[in-house]
Every structure is written in C-alpha cells, then in structure tokens.
Amino acid sequence: MRYRSLGRTGIQLSDIGYGAWGVGGKQWLGGSDEESLVALRRALDLGVNFIDTALAYGDGHSEELVGQVVRSAPGKVYVATKVPPKNRQWPARPGIGIDEVFPYDYVIGSTEESLRNLKLEAVDLQQFHVWNSEWTERDEWRRAFEDLKKSGKAHAVGVSLNAGQPDSGLDLVRTGLVDAVQVVYNIFDQSPEAKLFPLTREKNVGVLARVPLDEGALTGAITEETVFEKGEFRDWYFRGDRKRQVVEHVNALRRDLKGVEGTLAEIALRFCVSHPAVSTVIPGMRKVRNVESSCTVSDLGPLSPDVLAILKKHAWVKDFHS
Ligand SMILES: NC(=O)c1ccc[n+]([C@@H]2O[C@H](COP(=O)([O-])OP(=O)(O)OC[C@H]3O[C@@H](n4cnc5c(N)ncnc54)[C@H](OP(=O)(O)O)[C@@H]3O)[C@@H](O)[C@H]2O)c1
0 MRYRSLGRTG IQLSDIGYGA WGVGGKQWLG GSDEESLVAL RRALDLGVNF
50 IDTALAYGDG HSEELVGQVV RSAPGKVYVA TKVPPKNRQW PARPGIGIDE
100 VFPYDYVIGS TEESLRNLKL EAVDLQQFHV WNSEWTERDE WRRAFEDLKK
150 SGKAHAVGVS LNAGQPDSGL DLVRTGLVDA VQVVYNIFDQ SPEAKLFPLT
200 REKNVGVLAR VPLDEGALTG AITEETVFEK GEFRDWYFRG DRKRQVVEHV
250 NALRRDLKGV EGTLAEIALR FCVSHPAVST VIPGMRKVRN VESSCTVSDL
300 GPLSPDVLAI LKKHAWVKDF HS
C-alpha cells in the first residue's frame with residue numbers, strides 16, 4: 000500500500016481508502032453487518048488507514064461499525080465523517096441559506112452525535128455533506144470549523160461537494176480554511192481536472208475522490224437485466240434507460256482497453272490514483288473480494304500515459320445524481 004499527504008494536514012493516507020456508505024445499509028441493501036466487518040478488517044490488514052463515513056449512512060449505523068473496527072485496530076486509522084444537511088436535502092440547492100442547512104449549534108451537535116456513534120474522542124476529518132458556493136462568505140461555517148478544531152473534536156475540516164459541481168468548491172478552497180474537499184471523480188466524470196485539481200494542488204488542499212466506480216457502473220457488473228431492490232439508492236440512480244446507457248459506455252471502454260492488465264474496476268481505481276491532486280480514492284466496499292481487488296491497485300500505481308489518453312476519450316457528461 001502506498002501513502003499520500005492529505006494536503007497540509009501532515010496526515011499520510013493510504014491512496015486506497017474505504018468508502019463506508021454501503022456498510023451502513025438502508026440506502027444500500029443486500030449486505031450484512033458480519034460481511035461488512037470482515038471486509039473492513041481485511042482492508043486494514045492490507046494497509047488501508049482511512050475510512051470515510053457519515054452520520055447519514057444508515058442513520059449512524061455505518062459510524063457504529065467503523066468505530067468498532069477502528070477502536071480494535073492495532074495501528075492508527077484515520078476517520079472522516081460528515082454533518083448531514085439539517086434540512087435533509089441532498090444536494091444543496093441554490094437560494095437556501097446556510098442557517099437552514101448548517102447553523103453553528105447544529106454542526107457542533109451533529110459532530111458530537113457522530114463521536115458517540117463512533118465511540119471516539121475525535122474525528123480526523125469532519126466534512127459538510129453538501130455545499131453551496133453562496134455560503135462561502137458566511138461566518139457560521141468558519142466559526143464552527145474553527146471551534147471544532149480548537150476543541151479537539153475534529154483534527155481537520157472539509158466539505159463534500161455536490162455531484163457534478165466541482166467548481167462550487169473553488170472559492171471555498173481559496174479561503175484557505177478547509178483542509179480537504181471530497182468530489183466525484185471517475186473515468187466518466189473527469190470534470191474536477193479542469194479547475195478544482197489545479198487549485199487544490201496550488202493551495203495544498205487534500206482531495207478525496209469519491210464514487211470512483213460510478214456506483215458500480217465502472218465495475219462492468221451492471222447489465223440491462225440487473226434488478227436492484229426497491230428502496231435501494233441504486234434502483235433510483237440507474238432508473239429508466241440508464242442501465243442501457245451504462246452498458247453501451249462500458250462496452251466501448253472494454254473495447255478500447257483490450258490488453259490492459261486488471262479488471263475494469265481496478266483500471267477505474269488506477270485512473271483515480273493516477274492524478275497527483277488526489278490524496279485518496281474511496282471505493283465503497285462490502286465484500287472481502289472487492290477489498291482485495293481494490294487494494295492491489297495501490298501497488299500497481301498510476302496508469303501509463305497511453306492508457307490515460309484512451310480513458311480521456313471516455314469522459315461522459317451525464318446527470319444521474321439528480
Ligand atoms: N455526498 C457524499 O459525500 C457522498 C456520496 C456518495 C459516496 N460518498 C463516499 O464515496 C464512497 C464511494 O462511493 P459509493 O460507495 O457510492 O460507490 P462506488 O465506490 O463508486 O461503487 C461501489 C460499488 O463498487 C463495488 N466495488 C468496490 N470495489 C470493487 C472492486 N474492486 N471490484 C468490483 N466491484 C467493486 C461495490 O461492491 P460491494 O459493496 O458489494 O463490495 C459497490 O457495489 C462512499 O462509500 C462514501 O464514503 C460520498
């Protein structure tokens with residue numbers, strides 16, 4: 000496993016991190032706590048030292064499982080969590096004030112609730128779960144982040160940017176007040192490369208690359224016949240004729256990638272670690288098999304310029320998150 004700096008925090012993260020949305024259940028069905036705990040522990044055995052969770056994942060259940068594993072881990076494991084929007088609206092919508100979404104007391108209280116779920120004294124990174132660039136000049140989030148750090152409840156702070164809106168974080172990064180941003184980045188959505196990544200590199204702000212497998216589309220496992228359970232997030236994400244569109248794009252990718260070593264999922268993760276702005280990539284994993292496959296990516300390292308040039312052509316502007 001290779002490690003990279005999380006911006007200027009001094010924290011060294013494994014370049015393959017652990018996305019812990021799925022292990023929370025509720026929005027991701029079909030897993031079990033037993034399977035998730037085995038997968039989490041296997042990831043730590045293989046050198047993963049960073050887990051991204053959120054209070055909203057299974058209403059605290061992901062945090063409970065993550066805390067259980069982290070507290071009994073032999074070495075340091077860095078934990079990031081998130082404050083859900085108080086109005087429970089994902090993504091943040093223009094025109095809605097920060098007082099409805101992240102008022103000061105709510106941010107502090109939500110962090111304390113996460114620490115109770117995790118049974119930890121502090122999180123290594125606290126993040127807002129949504130962001131609206133209209134809030135950049137407001138005082139609430141600045142005070143809340145500053146006080147979380149001063150009180151020792153969070154060692155670093157950041158924001159998870161709305162899907163498809165990487166540029167909504169540009170002014171925020173320019174404030175110099177966040178240590179990290181979390182952003183959708185994968186073979187299909189390469190949009191953070193244009194402006195966000197050059198800026199985070201210039202300002203030495205960490206980047207967590209989320210949804211690296213496009214919710215499973217980039218594993219190649221989704222066919223037109225795939226059926227998700229009713230009520231599961233992916234039943235909504237891949238609704239209508241979206242599965243057909245995914246199959247078309249994945250077939251084109253596979254044709255162009257003939258001869259490149261690794262599964263499609265591994266190549267998709269290597270795409271993310273190939274960008275120097277990325278501090279860590281956080282695939283969601285509930286199965287040991289997937290943990291083992293994802294962790295091999297770190298040692299394989301960045302893709303060659305030739306393969307990256309092929310992948311450049313497979314960027315696909317779509318708006319499945321809304
Ligand atoms: N707004 C936000 O802040 C936000 C939104 C979405 C996600 N996130 C974060 O980003 C993380 C990643 O996103 P995600 O979990 O939604 O989707 P993802 O990582 O794009 O895809 C997860 C899917 O890929 C499968 N998978 C993982 N590794 C694999 C491998 N090596 N080979 C084949 N299949 C593999 C998983 O299977 P199994 O689960 O069956 O193992 C799961 O079905 C989340 O867990 C969460 O921490 C944050």
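So in numbering that gives the first Met the number 0, spot 41 of the sequence shown is number 40, and the numbers just go up one at a time.
Ideal placement from N, C-alpha and C gives every residue a C-beta, glycine not left out.
| Asked | Found |
| --- | --- |
| Residues with a Cβ closer than 5 angstroms to any heavy atom of ligand 3, in chain order? | No copy of ligand 3 appears in this structure; the ligands present are ligand 1. |
| For W333 and V129, what's the separation of their Cα atoms in angstroms? | What the structure shows of the chain is the stretch from 0 to 321, and residue 333 is not part of that stretch, so it cannot be assessed. |
| Please work out which residues of its chain come closer than 7 angstroms, Cβ to Cβ, to G24, disregarding the five sequence neighbours upstream and downstream, and give them in chain order. | G30, G57 and H60 |
| In whole angstroms, what is the alpha-carbon distance linking V106 and V82? | 6 angstroms |
| Quick check: what's the CA-CA separation for R243 versus N250? | 11 angstroms |
| Do you know offhand how far D14's Cα is from L169's? | 23 angstroms |
| For T80 and R70, I'd like the C-alpha separation in whole angstroms. | 15 angstroms |
| For K311, which residues of its own chain have a beta-carbon under 8 angstroms away from its beta-carbon, when the five flanking residues on both sides are left out? | Q189 |
| So, do the region 199–214 and the region 30–44 have three or more beta carbon pairs nearer to each other than 8 angstroms? | no |
| Would the beta-carbon of F127 fall within 8 angstroms of that of S159? | yes |
| In the structure shown, what three-state DSSP assignment does G23 receive? | helix |
| Using a Cβ-Cβ cut-off of 6 angstroms (strictly less than) and excluding sequence neighbours within five positions of M0, which residues of its own chain qualify? | S13, G46 and S297 |
| Could you compute how far the alpha carbon of H313 sits from the alpha carbon of V290? | 25 angstroms |
| If you follow the beta strand (DSSP E) that G205 is in, where does it begin and where does it stop? | G205 to R209 |
| Quick check: what's the CA-CA separation for T8 versus T174? | 16 angstroms |
| Which residues in the same chain as A162 place their Cβ atom closer than 6 angstroms to its Cβ, once the five residues preceding and following it in sequence are excluded? | V183 and H320 |
| Check D123 in the structure and name its three-state DSSP category. | strand |
| Label S113 either buried or exposed according to how many other C-beta atoms from any shown protein chain fall within 10 Å of its C-beta, with 16 as the threshold for buried. | buried |
| Compare the C-beta of V272 with all C-beta atoms of chain D and state if any pair is closer than 8 angstroms. | In the structure shown, chain D does not exist; there is a single protein chain. |
| Under a three-way DSSP split, which group does Y105 fall into? | helix |
| So for L256, helix, strand or coil by DSSP? | coil |
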